[in-house]
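Novice:
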Amino acid sequence: MYRRDYLLRLIEEMTQMIGKAMGLREQKKRTELLFEWDELMQRRFRINGELSDKLSADDMMRLFMTNGRLHADELQAFAFLLFERAKLEKEKGLHEDEERHLDSRLEGVELGQAEAMYIRRSMKALNLLLEAMLHGSDRKVLPVMPSMEQLLHELKPYKLEESALARLWRWFEQEGRYAEAEDALFHWLQSAAERPDELQLRKKLAHGFYERMEALPDEQLEQGSLPRDEIKQGMEDVSSL
1406 MYRRDYLLRL IEEMTQMIGK AMGLREQKKR TELLFEWDEL MQRRFRINGE LSDKLSADDM
1466 MRLFMTNGRL HADELQAFAF LLFERAKLEK EKGLHEDEER HLDSRLEGVE LGQAEAMYIR
1526 RSMKALNLLL EAMLHGSDRK VLPVMPSMEQ LLHELKPYKL EESALARLWR WFEQEGRYAE
1586 AEDALFHWLQ SAAERPDELQ LRKKLAHGFY ERMEALPDEQ LEQGSLPRDE IKQGMEDVSS
1646 L
């Protein structure tokens, strides 16, 4: 009950903050809101924005564990908050980049930093959100699926970390998105191409995936965009790696 009440209060605060961010255009107010955002993160999670930029996704996940148990709902809320903050930071940074570009006195200033930081923060948020969902987080308390789809869309052109790929293919399988699971699985396998021992371990997991696919009815496979005749080909492709 305590954790449920805690989550509900947190979500109420987050909703208010997101409402403030909607349509915000004045740079001064955006900076003030980011300060409030960091206060919320510090108060609720003891992780401010600066620390979240320094810590890896795995480091942050460990902060949401007690006696080996992951607090999935809290991690999901934090991931959602981290992504919303990343979007606000990006808007602020883009505005600052534009000002630098217009200021002739700042020759040589590197542009595009706001976009680069946004991608880095988004990748962390994706990792955290995937881990929370794989551990059964309650998606009804927050609109996390639109955030997940936005993350997947915006990060598609970029190379994901191996840890993210490992979570992603499992999550796609959990969601019944089997063709996407297969794609992410092969990216994960290929990322270990120069490490034979690790590749063999991953190939065993890949064969397990296809064995699970073989056990599914045709209708379910079709819904997941993975026709049965592609399963055999996939297993052969894994064996040939």
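Quick note on the working numbering: the sequence shown kicks off at 1406 and runs consecutively. Just so you know, even glycine gets a beta-carbon here, dropped at the ideal spot from N, CA and C. Predicted model, so just to flag it, every value in this text is computed and none were measured.
Under a three-way DSSP split, which group does Glu-1512 fall into?
Specialist: Unreliable placement is indicated for Glu-1512, whose pLDDT of 45 sits below 50; the coordinate value is still reported in the next sentence. Of the three classes helix, strand and coil, the one that applies to Glu-1512 here is coil, per DSSP.
Novice: Does the stretch 1612-1621 come within contact of the stretch 1593-1600, defined as at least 3 CB pairs closer than 8 angstroms?
Specialist: Contact fails: fewer than three Cβ-Cβ distances are below 8 angstroms.
Novice: With DSSP run on the structure shown, which of helix, strand or coil describes Arg-1474?
Specialist: Three-state result, Arg-1474: strand.
Novice: What whole-angstrom Cβ distance do Met-1522 and Ala-1569 have, given they're in contact under 8 angstroms?
Specialist: Contact doesn't hold; Cβ gap of about 17 angstroms is too wide.
Novice: Looking at the structure shown, is Glu-1566 part of a helix, part of a strand, or coil, going by DSSP?
Specialist: Glu-1566: coil per DSSP, three-state reduction.
Novice: Would you kindly report the start and end of the unbroken alpha helix (DSSP H) that includes Val-1643?
Specialist: Start and end: 1634-1645.
Novice: Is the stretch 1575-1585 touching the stretch 1624-1633, taking contact as three or more C-beta pairs under 8 angstroms?
Specialist: Short answer: they touch.
Novice: Check for me: the alpha helix (DSSP H) holding Leu-1626 runs from which residue to which?
Specialist: First-last of the alpha helix (DSSP H) with Leu-1626: 1623-1628.
Novice: For Gly-1513, is the classification buried or exposed, using 16 other Cβ atoms within 10 angstroms of its Cβ as the cut-off for buried?
Specialist: Confidence in Gly-1513 is poor, its pLDDT being 43 and thus under 50, which makes the residue's placement unreliable; the coordinate value appears in the next sentence. When all chains shown are included, Gly-1513 counts as exposed.
Novice: Am I right that Phe-1483 and Phe-1450 are in contact with their C-beta atoms under 8 angstroms? What's the rounded C-beta distance?
Specialist: Between Phe-1450 and Phe-1483 the Cβ distance is about 5 angstroms, and since that is below 8 angstroms, they are a contact.
Novice: Kindly indicate the opening and closing residues of the alpha helix (DSSP H) around Ile-1452.
Specialist: Ile-1452 -> no alpha helix (DSSP H), and no H or E assigned at all.
Novice: Following the continuous alpha helix (DSSP H) through Val-1546, name the residue where it begins and the one where it ends.
Specialist: Val-1546 -> no alpha helix (DSSP H), and no H or E assigned at all.
Novice: Report the three-state DSSP secondary structure of Arg-1490 (helix, strand or coil).
Specialist: Here Arg-1490 sits in helix by DSSP.
Novice: If His-1657 and Ala-1477 are in contact, beta carbons under 8 angstroms, what's the gap, nearest whole angstrom?
Specialist: Residue 1657 lies beyond the stretch modelled for the chain, which goes from 1406 to 1646, so this question has no answer here.
Novice: Mapping the DSSP letters down to three states, classify His-1540 as helix, strand or coil.
Specialist: In this structure, His-1540 counts as coil in the three-state DSSP scheme.
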